[in-house]
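All remarks here apply to the structure that follows.
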Amino acid sequence: MMHAYNDTYLDDAMCNLGDMFDYAIYDLGMDGDEFLISFIETGVASQFEIGNPKYVTGMSGVELVDSVLLKQGKDIQAIKPRNKNFDEAEYWCGWALAYFQWKTSLRFVDIYNRGLTIEKILSLYDGLHDEDVEEFVKEANKIISQKRRDKTTNLAKIRKARGMSQRQLSNESEVTYRMIQLYEQRQNDINKASVATILNLAKALACDVEDILER
């Protein structure tokens, strides 16, 4: 599996993201998921997730929080971070999340949208914080897989938005009715469909190819 960035940065990345969430949640009293959304929307997350050294090793957790606040046009909070043992729930949350993002190469926004929220990660703390981080990865993957199974596929969403039945889409795209059913039921992975199939579906739905793929 291709990791998000060179593993020489990984220890620093995990520690700094742990410090970031510990400072944001514990010291500043922010809601963890609200801060994660801010981390994503300000673009700081996109730099972190590609291993930009300025962000993963060049900034402390406090500086990462400050960067998010400044990009939002907010004042930096002159609050000293607590003395910690580095096994607190808030720290572990960021530490484990950084490892999972590096391991999977998923974007933080996709991790969040697939159900691995800060609230969910914190709920795993009691059972997993003393375990190897790979145990967290297993649980995180289960959460994401379940969320994906429960979620309506992009193909189904767009088809319904166009007011088309599966049969109509089959006729318009020349993709078999059964195949469309399998894609929408997630029994077949649309991301592994042939280029011709994807192009035909996108053309029939008047959308971009990327719109019907699953992320």
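With numbering that gives the first Met the number 0 applied, the sequence shown covers 0 to 214.
Using N, Cα and C, we set each Cβ at its ideal position, and we do this for glycine too.
If you're wondering where the values come from, they're calculated on a predicted model, not measured in any experiment.
{"Query": "State yes or no: is the C-beta of GLU118 within less than 8 Å of the C-beta of ILE24?", "Result": "no"}
{"Query": "When the distance is taken between beta carbons, is GLY114 closer than 8 Å to ILE157?", "Result": "no"}
{"Query": "Can you give, in chain order, each stretch of the alpha helix (DSSP H) that sits fully within the segment 122-205 and has at least 4 residues?", "Result": "124-127, 132-149, 153-160, 165-172, 176-183 and 194-204"}
{"Query": "Could you say if the segment 73-85 and the segment 42-56 meet the contact criterion of at least three C-beta pairs nearer than 8 Å?", "Result": "no"}
{"Query": "Quick one: what does DSSP say ASN84 is sitting in, helix, strand or coil?", "Result": "coil"}
{"Query": "Please classify ASP74: does DSSP put it in a helix, a strand, or coil?", "Result": "coil"}
{"Query": "Are LEU16 and GLY93 touching if we call contact CB-CB under 8 Å?", "Result": "yes"}
{"Query": "I need the DSSP call for MET13, collapsed to helix, strand or coil.", "Result": "helix"}
{"Query": "Where GLN184 and SER169 are concerned, what is the direct C-alpha to C-alpha distance, given to the nearest angstrom?", "Result": "15 Å"}
{"Query": "With the cut-off set at 8 Å, would you say GLY50 and ASP21 are in Cβ contact?", "Result": "no"}
{"Query": "Under 8 Å between the Cβ atoms of GLN167 and GLN180?", "Result": "no"}
{"Query": "Closest to ILE36 by C-alpha separation, out of THR7, THR116 and ASP18, would be which residue?", "Result": "THR116"}
{"Query": "How is the alpha helix (DSSP H) around GLY31 delimited, first residue to last?", "Result": "31-40"}
{"Query": "For TRP91, collect the residues of the same chain with a Cβ closer than 8 Å to its Cβ; drop the 5 residues on either side in sequence, then sort them by chain order.", "Result": "GLY17, TYR124 and HIS128"}
{"Query": "Using the rule of at least 16 other Cβ atoms within 10 Å of the residue's Cβ for burial, across every protein chain shown, is GLY31 buried or exposed?", "Result": "buried"}
{"Query": "Rounded C-beta distance between ALA3 and GLU40? I'm assuming under 8 Å.", "Result": "Not quite, the Cβ-Cβ distance comes to about 19 Å (not below 8 Å), so this is no contact."}
{"Query": "State the DSSP-derived secondary structure class of GLY60, mapped to helix, strand or coil.", "Result": "helix"}
{"Query": "Using 8 Å as the threshold, is the C-beta distance between ASN231 and GLU213 below it?", "Result": "The first residue shown for the chain is 0 and the last is 214, placing residue 231 beyond what the model contains."}
{"Query": "By DSSP, does TYR22 sit in helix, in strand, or in coil?", "Result": "helix"}
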